[in-house]
Amino acid sequence: MRQILTVCLILAGLLLSATAAPQGAEPSAPPLTIDEVLSPAHRTAFRLPSYYWLPGDGILLFDPAKQDAERVLERYDPATGARTPLLADPAAALKGLNELLTAGGGKPEEKLDAPLELDAAGKRALHLIADDVFLQDLATGAFRRITRTPAAEAEPHFSPDGRWVAFHREHNLYVTRIADGKEYALTRDGRDTLLNGTLSWVYWEEIFGREDLGYWWSPDSTAMVYLKSDESKVPVSYFPDYEPATPAVHRQRYPKAGETNPAVSVWLAEVPGGKVRQIRFADPELEYVVRVHWLPHGRSVAVKTMNRAQNRLKLWLVDRRRATARVILTEESPTVVSVHDDLAFTADGARFVWASERDGRNRLYLYEISGKLVRALTPANLLVRASSGVAWVRGGLCALDEAGGWVYYTATDGAPIAPALYRSPLAGGAAERLTREPGSHRVGFSPSMQYFFDEHSSMSRPPGLTLHRADGEALRVVAAPAADHAAKLGLLYPEYLAIPAEDGFALPAQILKPTALEPGRRYPVILYVYGGPNAPVVGDRWGRDLLMNNLLVQRGYIWLAVDNRSASGLGKALEDTVHHKLMSGGEVADIVAAVRWIKRQPWADPDRVGVWGWSGGGTFTVQLMSQSREFRAGIAVAGVYDFRYYDSVWAEHLLGLPKDNPEGYKAGAPATWAKNLHGRLFLVHGLADDNVHPQNAWRLTDELIAAKIPFDLMVYPRQGHGIRAPASYRHLMVAMLDFWERWLKGENGEPVNSNQ
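Shown next as structure tokens:
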């Protein structure tokens, strides 16, 4: 279970483009190939070790950059920097695991992977292998099988005291006592439409930030709060699977905009298998249960709920003994309130830290348990920036050090987005920046709050891992940035720039171009966009698409990424400019202004500008090509082309209910404007996309055909939103390169062989 005191994640979208400062390529480096760009070895070279804090601030590391045989848990000595394998014989541990697997009819594992979590004592590790739960003794390395069932177990977690393991299976919640292996069912009514401790798709995607965690242990390990989701009235979507010969049909409960949501209730179960009670909330507007937090003393539970309009967020305090709830704080907005992870209570439960965007920027506040505001903790010039891996869940609170009198958080002070670690006194006073290196930081505090790990990268620096004291003092480099590996590849890094919008607003942008531009030459330009609120593609961090963008530059293109103001991540006030006007509230005007600025530059060919994006970026690509004549070609991957076809939580957060805002839905749908599309479009979709359903692509296809507009179409059977199968993803990258050569570069009218 992820604890707010040990993990603080900085926003890093899966599809965001590369960021870094300009640097010359190594002259001797050979040109990149598509297979080199996609090589797992290169991605692994820039990955950092996972770390696990032990009692007494001991440290274990698991380094994915090492070879399989060396990729084991290691003890780390902060005094010397030495790493020593935790187990005397890792090979024997793997052999023992495989004996358990094959004895049960399973396949052996080739290597030991990182554990899901350690118990509080640091003596045992949890693993989920072949859909069963395994326990590993960290002293001997020996594995023990916790479950052996045909059905899959998921989301196993230790109890705080380390005596129990909880998990869910077939929509029911279970606990196993480690001492004797006895299993207890906490729920028995689970079925396809009634989920216990596991989340419905829309909750998993939109509310809990792609984490399937629907249960929470009490601090004393004697009870559990869990969510029960009734999906019986949620409409069903269908996905044909074309293999084997007689196709199968997969079903998904997916509420589209305006449709019935899952009915979610909160329950309290005694462990191991005692009384189960429902917690009731006296609120007829309650539509969503968005967060659950136990108070440290374990006598109360905090629950956040939201209405369907998503403009009223309530914080409830639940008495554990009586299972009764009362509201202690209500957050309201004339537009919307966003879900956030930031809530931390003092040990006695008398005060708590809370995040709010009430003044247009995300800040932290201190409250009495009665709901009375004590003071703002973070200054107005800092924007507390997401502690989640997805843009739509807000955060930044890293740790509450009550004994030391500090609150720790990550925040950015402007563009480019570069979250750094700060702390502010709980008693009030000036904020103090603790991480001094430029770029973006994500940190994890030790149990004692005396140390933290800092994972950081910047525009000119690959990711590195350092160990610090709580006051920011650097103690040791744990994993140095792989700068030598980047140099061997001859990588160029983007520069940050600000491009003026029509009204002068500085739009964050990045550009990747050759070190030496040829005098008089005008280059074709590829623009990368996303466009969704609070989802910037520009930031001071290392980017996962850096190699691919370098390949584009080597083939004669200039690459840029630009954020429209509502996407910039620079505050809720900017997001609110598109409230109920998603994709029709000024996003196109901002990017068109940026493109016109680009076309005026001496290095850009104004007749050869392309645009592309994935998911929301695919949506934005079609909208840009349909509402301007600035683009010669564009690629739209997995986009939403009619927001009535997207899920209820996200679509209604930005557009309201379709019946209340029909014009907003119409104006924001690229399908509405497809008849005006200018330039050549390459439309791409996975046929098993359960996030943005393929019907979006079919709707746009119908509109383009009706308008007699030629376009290119590529579909990927059995592929989801990310088109993740290696062969399919490689095929897509090659197809995109061919498309740019044919329709954007256009120097000889024929595509080059991009399969190199």
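At position 257 of the sequence shown (counting the first as 1) the number is 261 in our numbering, and the numbers step up by one without a gap.
Beta carbons are placed, not taken as given, at the ideal position from N, Cα and C, and that holds for glycine.
- Item | Beta-carbon contacts of TYR188 that lie in its chain and below 8 angstroms, excluding the five residues immediately before and after | TYR178, VAL179, THR180, ARG181, VAL275, PRO276, GLY277
My assumption, with CB atoms under 8 angstroms, is that ALA351 sits in contact with PRO423. Please give the rounded CB distance.
Incorrect: roughly 27 angstroms between the Cβ atoms, too far for contact.
ARG465: first and last residue of the uninterrupted beta strand (DSSP E) it sits in: 465–473
Note to self: Quick check on DSSP: helix, strand or coil for HIS344?
What the structure shows: strand
### Query
alpha helix (DSSP H) containing PRO44: first to last residue?
44–49
Proximity to ALA156 [Cα-Cα], best of LEU142, HIS172, SER163 | HIS172
For VAL613 versus VAL529, is the C-beta spacing smaller than 7 angstroms? yes
- Between ALA577 and the rest of its own chain, which residues show a CB-CB distance below 7 angstroms, the 5 nearest in sequence each way excluded? GLY364
With a CB to CB cut of under 6 angstroms and the five nearest residues on each side skipped, what residues in its chain are close to TYR292? MET310
How is LEU495 classed by DSSP in three states: helix, strand or coil? coil
| said: When you compare the stretch 633–644 with the stretch 554–569, are there three or more beta-carbon pairs, one atom per stretch, that lie closer than 8 angstroms? | reply: no
Own chain partners of ASP224 with C-beta closer than 6 angstroms, once the 5 adjacent residues on each side are dropped = GLY302
Please report the distance separating the alpha-carbon of ARG325 from that of ILE332.
18 angstroms
For this session: Use the C-beta contact count for GLU30: other C-beta atoms within 10 angstroms, 16 or more gives buried, fewer gives exposed.
Result: In this prediction, GLU30 has a pLDDT of 44, which is less than 50 and means its spatial position is unreliable; what the coordinates show is noted afterwards. The residue in question, GLU30, is exposed, as its Cβ has fewer than 16 Cβ neighbours within 10 Å.
In the DSSP assignment, what are the bridge partners of PRO651?
According to the sequence as given, residue 651 is Asp; it is not Pro. The partner list for ASP651 (beta bridge, DSSP) reads LYS260.
If you drop the 5 nearest sequence neighbours on each side, which residues of the same chain put their C-beta closer than 6 angstroms to that of TRP747?
-> ALA637, ARG684
Strictly by DSSP, which residues pair up with LEU516? TRP563
Practice prompt. Give every residue of the same chain whose Cβ lies closer than 8 angstroms to the Cβ of GLU406, excluding the five residues on either side of it in the sequence, and list them in chain order.
Written response: THR350, ALA351, LEU430
Say whether chain E places a C-beta atom closer than 7 angstroms to the C-beta of GLY508.
In the structure shown, chain E does not exist; there is a single protein chain.
Problem set entry | Nearest-angstrom Cα separation, counted from ARG284 out to ALA73 | 52 angstroms
Next item on the list: Report the option in VAL343, ASP742, VAL482 whose CA atom is closest to the CA atom of ASN538.
Entry: VAL343
Quiz item: What is the residue span of the alpha helix (DSSP H) that ASN553 lies within?
Solution: 550–558
Quiz item: For LYS670, which three-state DSSP category applies?
Solution: helix
Under 7 angstroms between the Cβ atoms of SER630 and LEU681?
yes
Please determine, among LEU708, ARG75, ARG362, ILE503, the residue with the shortest C-alpha to C-alpha distance to LYS679. LEU708
Query raised in the report: Using a Cβ-Cβ cut-off of 6 angstroms (strictly less than) and excluding sequence neighbours within five positions of VAL481, which residues of its own chain qualify?
Result: THR470
| task | Check ARG66 in the structure and name its three-state DSSP category. | result | First, the residue type needs correcting, since residue 66 is Phe and not Arg in the sequence shown. In the structure shown, PHE66 sits in a strand (DSSP, three-state: E or B).
Compute the beta-carbon to beta-carbon distance between HIS583 and ASN665, rounded to the nearest angstrom, for a pair I have assumed lies under 8 angstroms. Actually they are not in contact, since the Cβ atoms of HIS583 and ASN665 sit about 10 angstroms apart, beyond 8 angstroms.
Strictly by DSSP, which residues pair up with VAL296? VAL307
Worksheet entry | Three-state class that DSSP yields for PHE162 in the structure shown | strand
Considering only their Cβ atoms, is the gap separating GLY201 from GLY213 smaller than 7 angstroms? no
- Task: Spatial neighbours of SER652 within its chain, please: CB distance less than 8 angstroms, with the 5 preceding and 5 following residues excluded, ordered by chain position.
- Result: VAL206, PRO259, LYS260, ALA261, GLY262, GLU263, ASN265
Exercise. Taking the DSSP output, what are the residues bridged to ALA478?
Worked result: HIS472
TODO: Locate the beta strand (DSSP E) running through SER360, then write down its first and last residues.
DONE: 355–360
| query | Counting along the chain, where does the beta strand (DSSP E) carrying ALA267 start and finish? | reply | 267–274
Secondary structure at LYS749, three-state DSSP: helix, strand or coil?
helix
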